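2 protein chains.
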Amino acid sequence: MAKMGLDRHTLLVAAAELADASGLDSLTLAALAQKLNVRSPSLYNHVNGLPDLRAALTVYCLHLLVEKTRDAVIGKSGDDAILSLCDAYLQFARSRPGLYEAFYKVNTQEHEDLEAVKAELLNLFLRILEPYGLGEKETLHAIRGLRSFLHGFATLEQHGGFQMDLQVDESLHYVLKTFLKGMHAESTS
Amino acid sequence: MAKMGLDRHTLLVAAAELADASGLDSLTLAALAQKLNVRSPSLYNHVNGLPDLRAALTVYCLHLLVEKTRDAVIGKSGDDAILSLCDAYLQFARSRPGLYEAFYKVNTQEHEDLEAVKAELLNLFLRILEPYGLGEKETLHAIRGLRSFLHGFATLEQHGGFQMDLQVDESLHYVLKTFLKGMHAESTS
DNA sequence: GTATTATAACTAATGATATTAGTTAAAGCA
DNA sequence: TGCTTTAACTAATATCATTAGTTATAATAC
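Chains as they are written, first to last, in the working numbering: chain C, 3 to 191; chain Y, 3 to 191.
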């Protein structure tokens with residue numbers, strides 16, 4: 003009965019890999035246990051059942067997403083920063099499809115960490131939209147718009163929603179530029 | 003052993019109700035059978051297992067969505083039509099939360115019906131964007147943008163993604179108007 | 001260094017689920 | 001009325017998640 007030295011973070015990393023490989027839905031404790039060379043009840047020493055594991059994946063996903071997007075806007079501002087953030091967002095969703103599925107699952111557990119990382123993401127958007135000089139409300143509306151668009155785009159793309167023969171990245175940039183054009187018109191009117 | 007007169011459509015309707023009541027994830031054949039006063043193996047006479055049922059729900063969801071949105075744009079054109087379509091889209095997502103979860107599940111089955119209803123939705127968008135005089139490519143980009151935004155907005159709203167103290171419908175309209183403003187600028191430049 | 005304690009692994013067992021195979025009786029049709 | 005189809009059934013299996021109770025290893029106290 004060797005001690006495998008597992009801990010919560012090791013579980014998360016392995017679980018995310020499983021999700022990426024075959025979808026979040028088919029992430030089971032049985033499969034995770036097998037991957038880690040352990041019997042499934044042993045996982046309960048580190049994780050409070052499957053719902054807890056999935057909630058933890060949501061937080062883990064948000065952590066990585068914040069990391070990537072924050073990196074992407076360093077040294078940029080204005081439209082450049084927004085475009086760069088959005089590109090990074092979608093690259094992340096594409097590179098971690100199973101983990102990204104956990105993005106909105108948001109079950110109750112892990113409340114402190116979840117709120118913290120959500121606030122980080124919000125702040126990133128707030129700072130990027132600062133130079134546009136929108137009012138407070140308008141800024142929040144715009145953030146909701148960008149978040150919705152990015153999440154919808156990532157989800158639809160991942161599930162084969164864009165089947166027309168048309169570059170996906172072109173669509174991304176067309177939409178963002180159109181939205182930004184509208185925002186510029188807004189701030190000057 | 004009374005024959006219950008079940009058929010595929012009855013199953014779909016009942017399954018969608020269960021999904022709305024407690025989430026698509028907790029839609030089980032066991033629960034569905036219980037709701038229909040039948041043992042779960044009996045369901046296999048009408049449905050090819052759980053994956054098939056979920057795929058059928060996707061098609062059913064798209065059917066209803068097309069119905070609602072098509073209704074919403076009758077007698078309208080231009081920005082009015084778009085705003086009305088978007089309102090109807092979100093109202094549908096809100097009124098059928100569990101069914102809407104099936105929106106993008108899109109497992110392989112039911113191919114003919116699925117493609118047909120997806121084409122209907124695409125055509126609805128195409129006709130509404132006609133008057134804007136965008137090029138063919140730009141129109142498709144714009145459709146991807148609207149679909150992504152609507153899907154992301156509906157999903158985030160449903161999963162508690164908008165927690166700031168700010169009217170959700172205001173955000174919806176702000177974003178749409180901003181995007182339309184950008185589109186108008188586009189077509190005149 | 002030894003004894004104690006905490007804990008990370010284990011086995012065994014339960015209950016829910018999906019699914020398949022094979023059976024029966026009701027409904028539709030010749 | 002008899003035949004056929006089929007929609008229900010029962011029985012059985014396999015996969016899961018989860019809980020309870022056990023054991024041996026690692027960490028700590030003395």
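The beta-carbon is built from N, C-alpha and C at its ideal position, and this holds for glycine as well.
Model, not experiment: these values are computed from the prediction.
Original post:
Quick one, which of C:17, C:41, C:34 has its alpha-carbon nearest residue 4 (chain C)'s?
Top reply: C:41
Original post:
Hey, how far is the Cα of residue 58 (chain Y) from the Cα of residue 107 (chain C)?
Top reply: 23 Å
**OP:** Please name the residue in C:117, C:83, C:70 whose C-alpha comes closest to that of residue 94 (chain C).
**Re:** The shortest Cα separation from residue 94 (chain C) among C:117, C:83, C:70 belongs to C:70.
Original post:
Is the beta carbon of residue 27 (chain Y) less than 7 Å from the beta carbon of residue 100 (chain Y)?
Top reply: No. Outside cutoff.
**OP:** Check the Cβ-Cβ distances between residue 153 (chain Y) and every residue of chain C, and say whether any is below 7 Å.
**Re:** yes
**OP:** Could you confirm whether any beta carbon from chain Y is found closer than 7 Å to the beta carbon of residue 177 (chain C)?
**Re:** yes
Original post:
Are the C-beta atoms of residue 71 (chain C) and some chain Y residue less than 7 Å apart?
Top reply: no
**OP:** May I ask which residues mark the beginning and end of the alpha helix (DSSP H) holding residue 150 (chain C)?
**Re:** 138 to 160
Subject >> Contact set for residue 83 (chain Y): own chain, Cβ-Cβ below 6 Å, skip 5 residues either direction >> reply: 75, 130
Original post:
At what residue ranges does the stretch 15 to 55 of chain C contain a whole run of the beta strand (DSSP E), taking only runs of 3 or more?
Top reply: none
Original post:
Do you know how far the Cα of residue 13 (chain C) is from the Cα of residue 49 (chain C)?
Top reply: 8 Å
**OP:** Please say whether residue 61 (chain Y) and residue 115 (chain Y) have beta carbons closer to each other than 7 Å?
**Re:** yes
Original post:
Contact check, residue 153 (chain Y) vs residue 157 (chain C) under 8 Å by CB: the rounded distance?
Top reply: 6 Å
Subject >> Residue from Y:102, Y:9, Y:24 whose Cα sits closest to the Cα of residue 47 (chain Y) >> reply: Y:9
Subject >> Residue of Y:31, Y:145, Y:38 minimising C-alpha distance to residue 128 (chain Y) >> reply: Y:145
Subject >> is_contact[residue 185 (chain C), chain Y] using C-beta, thresh 7 Å >> reply: yes
**OP:** Run down chain Y in chain order and give the residues with a C-beta less than 7 Å from the C-beta of residue 166 (chain C).
**Re:** 142
Original post:
Could one say the Cβ of residue 92 (chain Y) lies closer than 7 Å to chain C's Cβ atoms, at least one of them?
Top reply: no
Subject >> Residue of C:126, C:125, C:178 minimising C-alpha distance to residue 147 (chain Y) >> reply: C:178
Original post:
From which residue to which residue does the alpha helix (DSSP H) around residue 168 (chain Y) run?
Top reply: Neither: residue 168 (chain Y) is in no alpha helix (DSSP H) and is coded neither H nor E.
**OP:** Could you tell me the distance, in whole angstroms, from the CA atom of residue 25 (chain C) to the CA atom of residue 103 (chain C)?
**Re:** 8 Å
Subject >> Nearest-angstrom Cα separation, counted from residue 18 (chain C) out to residue 53 (chain C) >> reply: 14 Å
Original post:
Which residues in chain C sit within 8 Å of residue 149 (chain Y), going by Cβ to Cβ distance?
Top reply: 154, 158, 163
Original post:
When you compare only the Cα positions, how much space is there between residue 88 (chain Y) and residue 56 (chain C)?
Top reply: For residue 88 (chain Y) and residue 56 (chain C), the distance between alpha carbons rounds to 32 Å.
**OP:** May I ask you to report which of helix, strand or coil DSSP gives residue 98 (chain C)?
**Re:** coil
Subject >> With 16 other Cβ atoms within 10 Å as the buried cut-off, status of residue 140 (chain Y) >> reply: buried
Original post:
Would a check of beta-carbon distances place residue 105 (chain C) closer than 7 Å to chain Y?
Top reply: no
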